[in-house]
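This report refers to the structure that appears directly beneath it.
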Amino acid sequence: MWLGFSRKGNRAGIEIVRIHAQNEHETVAAGITEMDDKDEIEKFTRELQEQILEQMRRTYGPAVIDHWQNPRNHKIIENPDGRAQLQGTCGDTMEMFLKVEDETITECVFQTDGCGTTIVCGSVATELAVGKPLIAALGAVSAAEILKVLGGLPESDVHCAQLAAETLRRALADYLHQRNTPWKKNLGKPE
Ligand code: FES
Numbered sequence: 229m230w231l232g233f234s235r236k237g238n239r240a241g242i243e244i245v246r247i248h249a250q251n252e253h254e255t256v257a258a259g260i261t262e263m264d265d266k267d268e269i270e271k272f273t274r275e276l277q278e279q280i281l282e283q284m285r286r287t288y289g290p291a292v293i294d295h296w297q298n299p300r301n302h303k304i305i306e307n308p309d310g311r312a313q314l315q316g317t318c319g320d321t322m323e324m325f326l327k328v329e330d331e332t333i334t335e336c337v338f339q340t341d342g343c344g345t346t347i348v349c350g351s352v353a354t355e356l357a358v359g360k361p362l363i364a365a366l367g368a369v370s371a372a373e374i375l376k377v378l379g380g381l382p383e384s385d386v387h388c389a390q391l392a393a394e395t396l397r398r399a400l401a402d403y404l405h406q407r408n409t410p411w412k413k414n415l416g417k418p419e
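In structure tokens:
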């Protein structure tokens, strides 16, 4: 009974322990002690998250916080029409994947091993790209545009926007290259 609660870790589980208490006091005492520990950990985690958020708010605007907490298009897709991976000046990498239909970007996703700001910039860049015709996307998704959406970034983070914009530009170039040389797509693949 107690192990079940420990794994579930929810209020329903607490009720199970209380019912159990009518028969086995020792087991329940142990259970409540462990529950207190769990509550402490949750409280500590909440406070830590609030502290981090407070520090973030002192440095970054609301749009950065929003994309940081809810990054868009942060995933990979199979069989993309265009793809690029690029390493920034700081050593972080970003990878972008495109799906294109009728010369319009229908899907644009990314992954990165970079910092939170890199994720934020990838999130904005992909959002800016989706729904745009290829040529329009080339013009519209620049580091300057990403910074504008975010309300600016500290100087030390500007290269994250440059990395996102440049990765997208290369993914578009990869798509155009594959479109113009479709026979290369299957080179090296088993029959
Ligand atoms: Fe290197 Fe963001 S810190 S790309």
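When you line the sequence shown up against this note's numbering, it's residues 229 to 419, in that order. Every residue, glycine too, gets a C-beta built ideally from N, C-alpha and C. In this text, all values refer to a predicted model and were calculated from it rather than measured experimentally.
Sub-9 Å separation of residue i and residue j beta-carbons
i	j	result
Val337	Thr321	no
Gln279	Thr395	no
Gly310	Gln390	no
His295	Val352	yes
Leu356	Tyr288	no
Ala392	Ala372	no
Gly319	Cys388	no
Asn301	Val358	yes
Proximal residues to residue i (C-beta, below 7 Å), its chain only, five neighbours per side dropped
i	result
Leu366	Arg397, Leu400
Ile305	Phe325, Lys327, Glu335, Val337
Ala291	Val377, Leu378, Gly379
beta-carbon residue i near the ligand ATP non-hydrogen atom, thresh 8 Å
i	result
Met322	Annotation note on the ligand ATP: not contained in the displayed structure, which lists the ligand FES as its ligands.
Assigned secondary structure, residue i (DSSP; H/G/I helix, E/B strand, else coil)
i	result
Glu252	Any reading at Glu252 needs caution, since the residue's pLDDT is 42, under 50, leaving its predicted position unreliable; the model's value is listed next. Three-state DSSP puts Glu252 in coil, outside helix and strand.
Glu335	strand
Val358	coil
Thr321	strand
Ala399	helix
Arg311	strand
Gly237	In this predicted model, Gly237 has a pLDDT of only 35, less than 50, meaning its place in the structure is not dependable; the value taken from the coordinates is given anyway. If DSSP states are grouped into helix, strand and coil, Gly237 belongs with coil.
Leu326	strand
Thr409	coil
Val377	helix
Near the ligand FES: residue i beta-carbon under 8 Å from a heavy atom
i	result
Thr332	no
His435	There is simply no residue 435 to check, as the chain begins at 229 and stops at 419 in what is shown.
Gly380	no
Leu396	no
Gly310	no
Thr287	no
Leu375	no
Thr345	yes
Gly359	no
Cys336	no
Gly342	yes
Gly316	yes
Gly367	no
Close Cβ partners of residue i (< 8 Å) along its chain, the five nearest in sequence each way excluded
i	result
Leu362	Val328, Glu331, Thr332, Ile333, Leu400, Tyr403, Leu404
Met284	Val292, Ile293, Trp296
Same chain only: Cβ atoms within 6 Å of residue i, ignoring 5 sequence neighbours per side
i	result
Gln339	Ile304, Glu323
Pro299	Ile347, Ser351
Is the stretch 361–377 close to the stretch 338–347, with three or more CB pairs under 8 Å?
-> Output reads no: the stretch 338–347 does not touch the stretch 361–377.
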